[in-house]
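What follows is a short report on a single structure.
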Amino acid sequence: MPEQKHTRKIEKWSEIINNLGLDLSRPINRVTARQIKQIVNEEPRLMAKMDSMADLPRIFRENNLFLLPVSRQEYVIVKGNGYHELEKIAEKPTLYPTSYPFPTSALDVKSEGIYLDYAHSCGLISDFVTLSNLHLSFRGRRTTPSFRFDVNGSQIQVNSAQIEVDAVYENVDKIVTVEAKVGIPDSFSVRQVYYPFRTFNTKKPVRNIFFCFEPNEKIYLLWEYEFNPQTVFESIKLLQSKQYKIKLADIVSVKEYQDVKPTKKLDIPQADDVNKIIQFPFRVFEGYDTSEKMIDAFGFVQRQSSYYRQAAELVGLVKLDKNRYKLTDVGEKYLKLPEKDKSNFVCKLLLEFPIMHEIFLQISIDSKKVVDKNEIIDLLRERSSITGSTLGRRAQTIVSWFRWIRNNLGIVEVDKDKIRIARQMRIA
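First residue of the sequence shown? That's 0 in numbering that gives the first Met the number 0, and the numbers climb one at a time after it.
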């Protein structure tokens, strides 16, 4: 039903074009978000969602047109082909072993990020691009810088367009941008790969990856593309492709996590996003060793920077020495680990917090035990110095940390703020 509604909306482009009297024989026509809203009373962002050739409205298909955002408030209708047909991968899937089960409570989640996180934690992304020490450095909405490119003989200027990025992984030398899908489309909008490429291709070379998870066969498929020359939109070229099937080896023992010694403080920092916490040692290694530099690296506001710096310190990855961040021995060890071992290492650091460890013991000793947010609040009230409305926020942080463990290791399940041991782990 949602797809049918979107199809009906997207066909309103003929109404927009006719109302504005656009000449579709021209190489480029411009239309603003305000005009779209005024003419058809639809959300411009949704009217611009044409991720594959199958999403194009009839008037675009019949006139060989596609749409590109050039700012937050303006789009261009371009004459030409703005899509790339996804190449078939002839080789059989490579079996890729891991000891960490996929989180079954995430199966109902339609987000491609779940499958991407799992693939990254298993080391599959690093294996495909043959790069080590990749960390997730960005995910979500981003404003592009200003850049120009040629398309079908015309030059287009982009200024502060908004893009949605599924993942940006990074090490000291390279950046890997990923556009991810659940299911395998016949084609994709070149914009989905090109705009992130131009956005992040400023400080380090960028590798451009298109990622699909095929849910029926549970296959992970990856394609790498380049743009040469970089300023030509249609210059997209396939460099390599591969498909994987993750093979579950001996599942890691629950005892390995029960035996973690809770050595950290009782209090929990206000830092829900574990990925940001574990970025800190990478950034310190790159030379972002002051609060001001860290704010610039993360795009933080001052208070956010303080929260995540405190969290990285409490987790044990960095320390503050004479107003400069330095790596701890634990942080240095973490950076040297192979990709597939990093998430396990971080999980154990989180379980060193006494309340995290107690919750894990409860759910792993009794496989039917479920811990919810209210129980976590009670634990925090009894065991820590946290009071008042802060209790709920810190409880949410704990749920978020367990959700990260679920997404990256699959040893727990988190469903609507309820935490339990993963079914595959009930063999303690």
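Idealized CB from N, CA, C, for every residue including glycine.
- Task: Look up Gln242 in the DSSP assignment and say whether it is helix, strand or coil.
- Result: Three-state result, Gln242: strand.
- Query: Does DSSP put Asn28 in a helix, a strand or coil?
  - Reply: Looking at Asn28 - three-state DSSP - the assignment turns out to be strand.
- Task: Quick one: measure Cβ to Cβ for Tyr99 and Leu408, integer angstroms, because I've assumed they're closer than 8 Å.
- Result: Confirmed, about 5 Å.
- Task: Consult DSSP for Thr434 and reduce its assignment to one of helix, strand or coil.
- Result: The structure shown has nothing for residue 434, since the chain only spans 0 to 427.
- Query: Does the beta-carbon distance from Ala179 to Gly112 come in below 9 Å?
  - Reply: It is a contact, given that the beta carbons lie within the stated cut-off.
- Message: Considering only their Cβ atoms, is the gap separating Ala53 from Leu66 smaller than 9 Å?
- Response: No. Outside cutoff.
- Task: Leaving out five residues on either side along the sequence, give the residues of the same chain with a beta carbon under 7 Å from the beta carbon of Val259.
- Result: For Val259, where only same-chain residues beyond five positions count, the Cβ hits under 7 Å are Lys347, Leu350, Glu351 and His356.
- Using CA coordinates, which residue listed in Val77, Phe199 and Thr143 is at the minimum distance from Ser188? Nearest C-alpha to Ser188: Val77.
- Span of the alpha helix (DSSP H) around Asn373: Per DSSP, Asn373 belongs to the alpha helix (DSSP H) from Lys372 to Arg382.
- Item | Ranges of the alpha helix (DSSP H) found wholly within the segment 179-239, counting only runs of at least 4 | For the segment 179-239, whole alpha helix (DSSP H) runs of length 4 or above, ordered along the chain, are 190-199.
- Pro56, buried or exposed, once every other Cβ within 10 Å from all chains shown has been counted against 16: Burial call: buried.
- Query: When you compare only the Cα positions, how much space is there between Thr201 and Lys173?
  - Reply: Here the alpha carbons of Lys173 and Thr201 stand approximately 11 Å from one another.
- Task: Would you kindly work out how many angstroms separate the C-alpha atoms of Leu238 and Ile124, rounded to a whole number?
- Result: Distance between Leu238 and Ile124, taken at the CA atoms: about 15 Å.
- Message: Helix, strand or coil for Ala427? Go by DSSP, reduced to three states.
- Response: Confidence is the limiting factor: at Ala427 the pLDDT is only 45, short of 50, which leaves the residue's position unreliable, though a coordinate-based value still follows. Coil.
- Query: Under the three-state reduction of DSSP, which class applies to Pro68: helix, strand or coil?
  - Reply: Three-state DSSP puts Pro68 in a strand.
- State the Cα-Cα distance for the pair Ile38 and Arg29, rounded to the nearest angstrom. In this structure, the alpha-carbon of Ile38 lies about 15 Å from that of Arg29.
- Message: Only counting the same chain, and skipping five residues up and downstream in sequence, which positions put a Cβ closer than 6 Å to that of Lys263?
- Response: If we look at Lys263 and ignore the five residues flanking it on each side, its Cβ neighbours are Glu351 and Phe352.
- Task: Put Tyr172 into one of helix, strand or coil per three-state DSSP.
- Result: Residue identity check: residue 172 is Asp in the sequence provided, not Tyr. Taken through DSSP and simplified to helix, strand or coil, Asp172 comes out as coil.
- Item | Straight-line gap, Tyr307 to Ile276 (C-alpha atoms, nearest Å) | Looking at the two C-alpha atoms, the distance is approximately 6 Å.
- Message: Under 8 Å: does the beta carbon of Arg392 sit that close to some heavy atom of the ligand NAD?
- Response: Only the bare structure without any ligand can be found here, which leaves the ligand NAD out of the picture.
- Task: Note the first and the last residue of the continuous beta strand (DSSP E) segment covering Phe137.
- Result: For Phe137, the enclosing beta strand (DSSP E) covers residues His134 to Thr142.
- Query: So with Cβ pairs under 9 Å, would you call Tyr219 a contact of chain E?
  - Reply: No chain E is present in this structure, which holds just one protein chain.
- Whole-angstrom distance between Lys339 and His428, CA atom to CA atom: Residue 428 cannot be examined here, being either before or after the span of the chain that is shown, 0 to 427.
- Can you tell me the Cα-Cα spacing of Val171 and Glu285, whole angstroms? Taking the straight line joining both Cα atoms gives about 7 Å.
- Message: Contact defined as beta carbons within less than 8 Å: I believe Gly330 pairs with Pro261. What is the distance between those atoms, to the nearest angstrom?
- Response: Actually they are not in contact, since the Cβ atoms of Gly330 and Pro261 sit about 20 Å apart, beyond 8 Å.
- Query: For Glu223, which option in Thr129, Ser136, Leu313 and Asn215 has the closest C-alpha, if you only look at C-alpha atoms?
  - Reply: When only C-alpha atoms are compared, the closest one is Thr129.
- Task: Round the Cβ separation of Tyr243 and Val283 to the nearest angstrom and send it over; I've been treating them as touching at under 8 Å.
- Result: Not confirmed; about 32 Å, so no contact.
- Item | For Val413 and Leu247, the rounded distance between their alpha carbons | Rounded to whole angstroms, Leu247 to Val413 spans 21 Å at the Cα level.
- Bridge partners - Glu73, DSSP secondary structure assignment: Paired residue(s): Thr31.
- Kindly give me the distance between the Cβ atoms of Ile162 and Arg141, rounded to whole angstroms, as I take these residues to be in contact under 8 Å. Beta-carbon to beta-carbon, Ile162 and Arg141 are separated by about 5 Å, close enough to satisfy the 8 Å threshold.
- Apart from the five residues on each side of it in sequence, which residues of its chain come closer than 6 Å, Cβ to Cβ, to Lys236? For Lys236, the CB contacts under 6 Å within the same chain, skipping 5 residues up- and downstream, are Glu225 in chain order.
- Query: If you follow the beta strand (DSSP E) that Glu84 is part of, which residue opens it and which one closes it?
  - Reply: Unbroken beta strand (DSSP E) run through Glu84: Tyr82 to Glu84.
- Nearest to Val150 by alpha carbon, out of Asp185, Ile27 and Leu85? Minimum Cα distance to Val150 is reached at Ile27.
- Item | Rounded separation between Leu115 and Glu213 - CA only | If you draw a straight line from the Cα of Leu115 to the Cα of Glu213, it comes to about 12 Å.
- Task: Measure the C-alpha to C-alpha separation of Lys87 and Met49 and round it to an integer number of angstroms.
- Result: Taking the CA atoms as reference points, Lys87 sits about 22 Å from Met49.
- Message: On a Cα-Cα basis, can you pick out the residue from Asn132, Phe127 and Asp271 that is closest to Phe209?
- Response: Comparing Cα-Cα distances from Phe209 to each of Asn132, Phe127 and Asp271, the minimum goes to Phe127.
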